[in-house]
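941 is the number that the numbering used here gives the last residue of the sequence shown; the numbers go up by one with no jumps.
Okay, structure first, notes after.
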Amino acid sequence: MKKIFYLLVIFSLVSCCKKEIEIINDGKKDSVIVDSNNINLSILIDLSDRIDPKTRPNPTMEYFQRDTEYIKAIEKGFSNHIKSKKIIIYDDQMQVFFNPEPLDPKMNQFTKDLKVSFDKNTSKDYFASVDKKYSELPSNIYQSAIHDGNYIGSDIWEFFKNKVNDYCIKNDRRNVLFILTDGYMYHENTKFKEENKTSYLTNKLIKSNNLTTSDFKNIIKKNKIGFVKANDNLSNLEVVVLGINPEKGNPFEEAVIKEYWENWFKEMKIKKYQIKSADLPSNLEPIILKTISNKN
Numbered sequence: 646m647k648k649i650f651y652l653l654v655i656f657s658l659v660s661c662c663k664k665e666i667e668i669i670n671d672g673k674k675d676s677v678i679v680d681s682n683n684i685n686l687s688i689l690i691d692l693s694d695r696i697d698p699k700t701r702p703n704p705t706m707e708y709f710q711r712d713t714e715y716i717k718a719i720e721k722g723f724s725n726h727i728k729s730k731k732i733i734i735y736d737d738q739m740q741v742f743f744n745p746e747p748l749d750p751k752m753n754q755f756t757k758d759l760k761v762s763f764d765k766n767t768s769k770d771y772f773a774s775v776d777k778k779y780s781e782l783p784s785n786i787y788q789s790a791i792h793d794g795n796y797i798g799s800d801i802w803e804f805f806k807n808k809v810n811d812y813c814i815k816n817d818r819r820n821v822l823f824i825l826t827d828g829y830m831y832h833e834n835t836k837f838k839e840e841n842k843t844s845y846l847t848n849k850l851i852k853s854n855n856l857t858t859s860d861f862k863n864i865i866k867k868n869k870i871g872f873v874k875a876n877d878n879l880s881n882l883e884v885v886v887l888g889i890n891p892e893k894g895n896p897f898e899e900a901v902i903k904e905y906w907e908n909w910f911k912e913m914k915i916k917k918y919q920i921k922s923a924d925l926p927s928n929l930e931p932i933i934l935k936t937i938s939n940k941n
C-alpha cells in the first residue's frame, strides 16, 4: 500500500510540471505535451564593439569579462537544475549563438563544443566536462573577437525574425533565451524603417526621436516609436537580457532602451522576460540562478 501511495505522489509531482498546448502547423492543430521541468536553454551573444576594452573601457570590470562570468552563472544554474532531477527524466540542452557569425572559423568549433545535452544515458563525468567547457571557451570567444578587431555588430532583430523559432524553441520543453547585449541593436544588412518603427536602435536614433526627457514614454506611445515586430507569437519563449549599458549624456537613455525592448517583447507575445543592466556578475548571478530554477 505504501508503494502505491509513493508512486501516486511521484506521478502527481511529475504531472504538475507538464501542460498540454496546441501548436498550429499548416493550418492544423496539434496537441503537444510541454514538460517545464526539461529546459532548452540558449545564449545569444552580441559581439559588437560594446566588448572592446579600448573604446568601451570599464576600470571596475571590462564588459567582456562580465559576459564570461554571466555565462558561467548561466551554466551553473543549468547544471544545478539538472542535478535536482532524477537521471531517468533528464532531457535538457544548452547552446550558444552569434548573429551574424564571426569570421574566425574557430568560432564554429566553439559553438559545437558549447552545445550540450543531457538525457538518461548521460554519465556523471559529463557534468565536469561541461563545467570545463563553459569555464574556458567563452573567454576564448571574446579574446578572438577582440584580437580580430572586426566587430560584426548585433543583428538581433534578424535572429528573432528568422532563427529564434528553429534554434531556441522546442515545443515540448521550457525554452529560455539569455541575450548578452548593451541594448543597442544595429547591423548594416538589416537596417530599415516602417513609419516610426525601426529594426535597429542607436544613441543617434534616440536623440533624433527626442527621447531625452522624462516624458519619453508619452512620446514613444504618441508617435508609435519602437522596434518593428520581428515575430508573431513567441509565447513559449522566456527571454532574459543581460548587460544594458547606455551611452553617457542622456539620463533617460537606459530607461528608453528598456522601454524599446519591453514593448517589442510584448508585441511578440513573450510573456516572461527580464531586462537587466550591465551590473557586476556577483549581483546578477542570484537573479540568473533563480530564473533558471523557475522560482522567480
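Beta carbons are placed, not taken as given, at the ideal position from N, Cα and C, and that holds for glycine.
Should the stretch 717–724 be regarded as contacting the stretch 774–786, the criterion being three or more beta carbon pairs within less than 8 Å?
Yes, the stretch 717–724 is in contact with the stretch 774–786.
Do you know whose CA, among N939, A923, G798, lies nearest P748's CA?
Numbered from 1 along the sequence shown, position 103 holds the residue referred to as residue 748. Looking at the sequence shown, residue 748 is not Pro but Leu. The shortest Cα separation from L748 among N939, A923, G798 belongs to G798.
Between which two residues does the alpha helix (DSSP H) harbouring N890 extend?
As a position in the sequence shown, residue 890 is number 245, starting the count at 1. Taken as a continuous stretch (DSSP letters only), N890 belongs to no alpha helix (DSSP H), as it is neither H nor E.
In whole angstroms, what is the alpha-carbon distance linking N753 and F805?
In the sequence shown, the residue the question calls residue 753 occupies position 108. In the sequence shown, the residue the question calls residue 805 occupies position 160. Answer to the nearest angstrom: the Cα atoms are 20 Å apart.
Hey, is the stretch 905–921 in contact with the stretch 878–893, meaning 3+ C-beta pairs nearer than 8 Å?
yes
Taking all protein chains shown into account, decide if E883 is buried (16 or more other Cβ within 10 angstroms of its Cβ) or exposed.
What you label residue 883 is simply residue 238 of the sequence shown in a count that begins at 1. By the Cβ neighbour-count rule, E883 is buried, with 16 or more other Cβ atoms within 10 Å of its own.
Starting from R711 and walking both ways along the alpha helix (DSSP H), at which residues does that stretch end?
By 1-based counting over the sequence shown, the position of residue 711 is 66. Looking at the DSSP string, the run of the alpha helix (DSSP H) that includes R711 is 708–728.
Less than 8 Å between the C-beta atoms of I889 and A923, yes or no?
One-based indexing of the sequence shown puts residue 889 at position 244. One-based indexing of the sequence shown puts residue 923 at position 278. Cβ distance < 8 Å, so I889 and A923 count as in contact.
Residue range of the alpha helix (DSSP H) that F897 falls in?
Numbered from 1 along the sequence shown, position 252 holds the residue referred to as residue 897. Careful: F897 lies outside any alpha helix (DSSP H) and carries neither H nor E.
Could you give the C-beta distance for R819 and N908, rounded to a whole number, given that I count them as a contact under 8 Å?
For this step, residue 819 is matched to residue 174 along the sequence shown. For this step, residue 908 is matched to residue 263 along the sequence shown. That belief does not hold up - the Cβ atoms of R819 and N908 are roughly 24 Å apart, past 8 Å.
Suppose contacts are defined by Cβ-Cβ distances below 8 Å. Is F627 in contact with I801 by that definition?
A question about residue 627 goes unanswered here, because the residues of the chain that appear run from 646 up to 941.
Give a yes or no on whether the C-beta atoms belonging to E781 and N848 are separated by under 8 Å.
Locating residue 781 in the sequence shown gives position 136, counting from the first residue. Locating residue 848 in the sequence shown gives position 203, counting from the first residue. No, they are not a contact pair.
Counting only runs of 4+ residues fully inside the stretch 805–837, write out the alpha helix (DSSP H) ranges in chain order.
809–813
Within 10 Å of its beta-carbon, does D764 have 16 or more other beta-carbons around it, so buried, or fewer, so exposed?
Position 119 of the sequence shown holds residue 764. The residue in question, D764, is exposed, as its Cβ has fewer than 16 Cβ neighbours within 10 Å.
Need the endpoints of the alpha helix (DSSP H) that K921 sits in, please.
The count along the sequence shown starts at 1 and reaches residue 921 at position 276. It is not in any alpha helix (DSSP H) - K921 instead sits in the beta strand (DSSP E) that spans 918–922.
Taking all protein chains shown into account, decide if L925 is buried (16 or more other Cβ within 10 angstroms of its Cβ) or exposed.
What you label residue 925 is simply residue 280 of the sequence shown in a count that begins at 1. Exposed: under 16 other Cβ atoms inside 10 Å.
Using the Cβ count rule (16 or more neighbours within 10 Å means buried), how would you classify F837?
Within the sequence shown, residue 837 is the residue found at index 192, counting from 1. F837 should be labelled exposed.
Looking at M830 and L846, is the spacing between their C-beta atoms short of 8 Å?
Stepping through the sequence shown from its first residue, residue 846 is reached at position 201. Stepping through the sequence shown from its first residue, residue 830 is reached at position 185. Closer than 8 Å, so yes.
Could you tell me which residues DSSP puts in a beta bridge with F743?
Here the question's residue 743 lines up with position 98 in the sequence shown. In the DSSP output, where bridge partners are listed per residue, F743 has I690.
Please report how far the alpha carbon of P750 lies from the alpha carbon of Q788, in whole angstroms.
In the sequence shown, residue 750 corresponds to position 105, counting from 1. In the sequence shown, residue 788 corresponds to position 143, counting from 1. About 14 Å.
From K852, S687, K866, E898, pick the residue whose C-alpha is nearest to that of D827; which is it?
Counted from its first residue, the sequence shown places residue 827 at position 182. With distances taken between Cα atoms, D827 lies closest to E898.
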